[in-house]
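Novice: Note that the protein sequences, when read in sequence, are chains A and B.
Quick note, my numbering runs 1 ahead of the 1-based positions in the first sequence.
Quick note, my numbering runs 1 ahead of the 1-based positions in the second sequence.
Backbone N, C-alpha and C define an ideal beta-carbon position, used for all residues, glycine too.
In this text, all values refer to a predicted model and were calculated from it rather than measured experimentally.
Before I ask anything, here is the structure I am working with.
2 protein chains.
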Amino acid sequence: MRSYAEYQALVESALVPALESLGPIPLKLREAMAYSLEAGGKRLRPVLLLAACECMGGNLEEALPFACALEMIHTYSLIHDDLPAMDNDDLRRGRPTNHKAFGEAVAILAGDGLLSAAMELMLRAAGEMDSLRGVRAAHCIARRCGISGMVAGQTVDVTEEGTEPTEEKVRYIHLHKTADLLTAPMEAGFHLACAKPEYIEAAVTYGQNLGLAFQMVDDLLDVEGSEAALGKKTGVDAALGKLTWVALRGTEGTRDDAARAITGAVEVIRRVPRDMRFFTDLAEGLLTRKN
Amino acid sequence: MRSYAEYQALVESALVPALESLGPIPLKLREAMAYSLEAGGKRLRPVLLLAACECMGGNLEEALPFACALEMIHTYSLIHDDLPAMDNDDLRRGRPTNHKAFGEAVAILAGDGLLSAAMELMLRAAGEMDSLRGVRAAHCIARRCGISGMVAGQTVDVTEEGTEPTEEKVRYIHLHKTADLLTAPMEAGFHLACAKPEYIEAAVTYGQNLGLAFQMVDDLLDVEGSEAALGKKTGVDAALGKLTWVALRGTEGTRDDAARAITGAVEVIRRVPRDMRFFTDLAEGLLTRKN
């Protein structure tokens, strides 16, 4: 097992080369995709995938295309989410959003391109393996980013804006909009390492709890965080009438629920009889997250 | 081998059930995706895939998810292409475009959802096969709809609007924006039937020629066609300054070039030692296309 920073550096240096390995790309499209891919961020999803695969004895190099694909999917979702017709954000990680920099048409296409590239990368990698583990991993990722996963969560987030927050709705949105894309790397990483079904199940529950806690902390940061540390405006959720955990429970209740979700994540992943400190440390570190 | 109408009916009845087989979908998202999927059209891409697979001895039922996936990808591209930031169309196949019916946010998500669903369908199907032929077929489709395929063509189509049409640019746009998604079903269908590489190569060349001819006829219809028969406005390309084959060569030159591309398609597919009448008839019928 490596450190978070080591996994992150691996992803960082592989992302744009992975795009370019897919063939000649029109200059403007390449620029727009690279602009958002290179905007940094914590690379949490791909790091989780690499760590999940490696802790179960899988091959790190083999997992890298899947990790890059996941970060591309996350990035496409941010680009589309920031569009004027969606959340209409001008700033992301301290820089103009993709459509502010490249125009809406190219931003839509850059998002479409990143999602397509993610699938292409995974399919190419899966086609070079001697078993179906790559197909299984890619299938998990496609399912969790799709119409009963992330896209479902985004849709409900957008269409229910301004309605009464109920636990059912807020939970659905958090689970699909956010947690599915943190569950996918756990599930896919374990599949790549050909882990036992019961361990995959634990990895999925860990991912869901981690994802819920992550989004709860995100909701808290929008209320209490620093714009400078976050690189984006705060107070946006309330202004848009977003169904957040804070709107449902208040800040104290949200902090309690996040702590409970983190405890759940830690307990379940400890059941996997391997060195799971990477995952327990990561979950426990969430509560002190500043950006 | 079946008739075009039989393949079309198969696709028609499988499309929405395929979506629904992927799990519970939020109502609004399901509605928006089904609205555009059910808008009809010729189902040319999935029909080509089914016919390509069957003519080479492949299994029709096994090919169906890939055919549906291809139609979903085509449909997503139309939804995004019609958006105000792109071609800004209000009408498609005689009905309001997706964003006119559901709003821009849901239309963007319906497009994202259809692309994700397509990948999920193919990956699920590929995971159930006893060889990598499904992965290979899915990879062809992902590549041809991606950043060096359809998305590349769309990008150049949008970013070069209003510039001088050169043969290099117009050819690039036609080849990627249109022909790649007619080549994909030939290539994927042949892969699903485990056809020999030399036959796959012929199928690809057929698809590219068919696609070029198809887009040339499309450009002609925008100048000479009937709005009633097409179900959309004509004269749009010239108004937007689109780089069309007609802008490059005029209507007579375009008709000649389309005929030449069709001859090329017919000649190359005849080299495959199977009954290829389906494909030669289809190519030859293109010139009399009215919608």
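1. Closest to B/G24 by CA distance: which of A/G236, A/C195, A/A180, A/A143 is it?
2. For the 8 Å Cβ check, are there 3 or more pairs between the segment 141-160 of chain B and the segment 152-164 of chain A?
3. Could you tell me how far apart the beta carbons of B/R250 and B/A203 are, in whole angstroms, since I believe they sit closer than 8 Å?
4. Identify the continuous alpha helix (DSSP H) that holds B/I270 and give its terminal residues.
5. Does any residue of chain B bring its CB to less than 9 Å from the CB of A/Y5?
6. Let me confirm a value: B/A6 is counted as buried when at least 16 other C-beta atoms fall within 10 Å, else exposed. Which label applies?
7. What would DSSP say about B/R94, mapped onto helix, strand or coil?
8. Which residues bound the alpha helix (DSSP H) around B/D220?
9. When DSSP labels each residue in this structure, what does A/G114 get in the three-state scheme?
10. Look at the alpha carbon of B/A68 and the alpha carbon of B/G286, and state the distance between them as a whole number of angstroms.
11. Okay, do the segment 204-215 of chain A and the segment 72-91 of chain A touch, 3+ Cβ pairs below 8 Å being the bar?
12. Is it true that the segment 96-113 of chain B meets the segment 32-51 of chain B, where meeting means three or more beta-carbon pairs spaced less than 8 Å apart?
13. Run through DSSP, which three-state label would B/M120 get?
14. Alpha carbon to alpha carbon, how far is A/A138 from A/E39?
15. List in chain order: all unbroken alpha helix (DSSP H) runs of 4+ residues lying wholly within the segment 23-111 of chain A.
16. Tell me where the alpha helix (DSSP H) around A/E168 begins and ends.
17. What separation, rounded to the nearest whole angstrom, lies between the Cα atoms of B/A64 and A/T164?
18. Taking the alpha-carbon positions, what's the A/F280 to A/F191 distance?
19. For A/L28, which of A/A185, A/L133, A/L213, A/G114 has the nearest alpha-carbon?
20. Name the residues in the segment 82-100 of chain A whose C-beta lies less than 7 Å from a C-beta of chain B; which are they?
21. Helix, strand or coil for B/D181 per DSSP?
22. Which residue's Cα is closest to the Cα of A/E1: A/P85, A/E62, A/N89?
23. Assign A/T98 to one of two classes, buried (16 or more other C-beta atoms within 10 Å of its C-beta) or exposed (fewer than that).
Specialist: Taking the structure as given:
1. Of A/G236, A/C195, A/A180, A/A143, the residue nearest in Cα terms is A/A143.
2. Per the Cβ contact rule, the segment 141-160 of chain B is not in contact with the segment 152-164 of chain A (fewer than 3 Cβ pairs under 8 Å).
3. Wrong, their Cβ atoms sit about 27 Å apart, outside the cutoff.
4. Start and end: 246-270.
5. Interface annotation, A/Y5: not in contact with chain B, CB-CB separation never under 9 Å.
6. Note on B/A6: under 16 other CB atoms within 10 angstroms of its CB, so exposed under the neighbour-count rule.
7. Note: B/R94 maps to coil in three-state DSSP.
8. Residues 198-225.
9. Note: A/G114 maps to helix in three-state DSSP.
10. Cα to Cα, B/A68 sits roughly 22 Å from B/G286.
11. Touching, no.
12. The segment 96-113 of chain B is in contact with the segment 32-51 of chain B.
13. Note: B/M120 maps to helix in three-state DSSP.
14. Take the alpha-carbon of A/A138 and the one of A/E39: they are about 25 Å apart.
15. Segments of the alpha helix (DSSP H) lying fully in the segment 23-111 of chain A: 28-38, 45-56, 61-83, 99-103.
16. Start and end: 168-174.
17. Approximately 43 Å between the Cα atoms of the pair.
18. Taking the CA atoms as reference points, A/F280 sits about 13 Å from A/F191.
19. Shortest Cα-Cα distance from A/L28 to any of A/A185, A/L133, A/L213, A/G114 involves A/G114.
20. Within the segment 82-100 of chain A, the qualifying residues are L84, A86, M87.
21. Correct three-state label for B/D181: helix.
22. Since the first and last residues shown for chain A are 2 and 292, residue 1 of chain A lies out of range.
23. Its Cβ being crowded by 16 or more others within 10 Å, A/T98 is buried.
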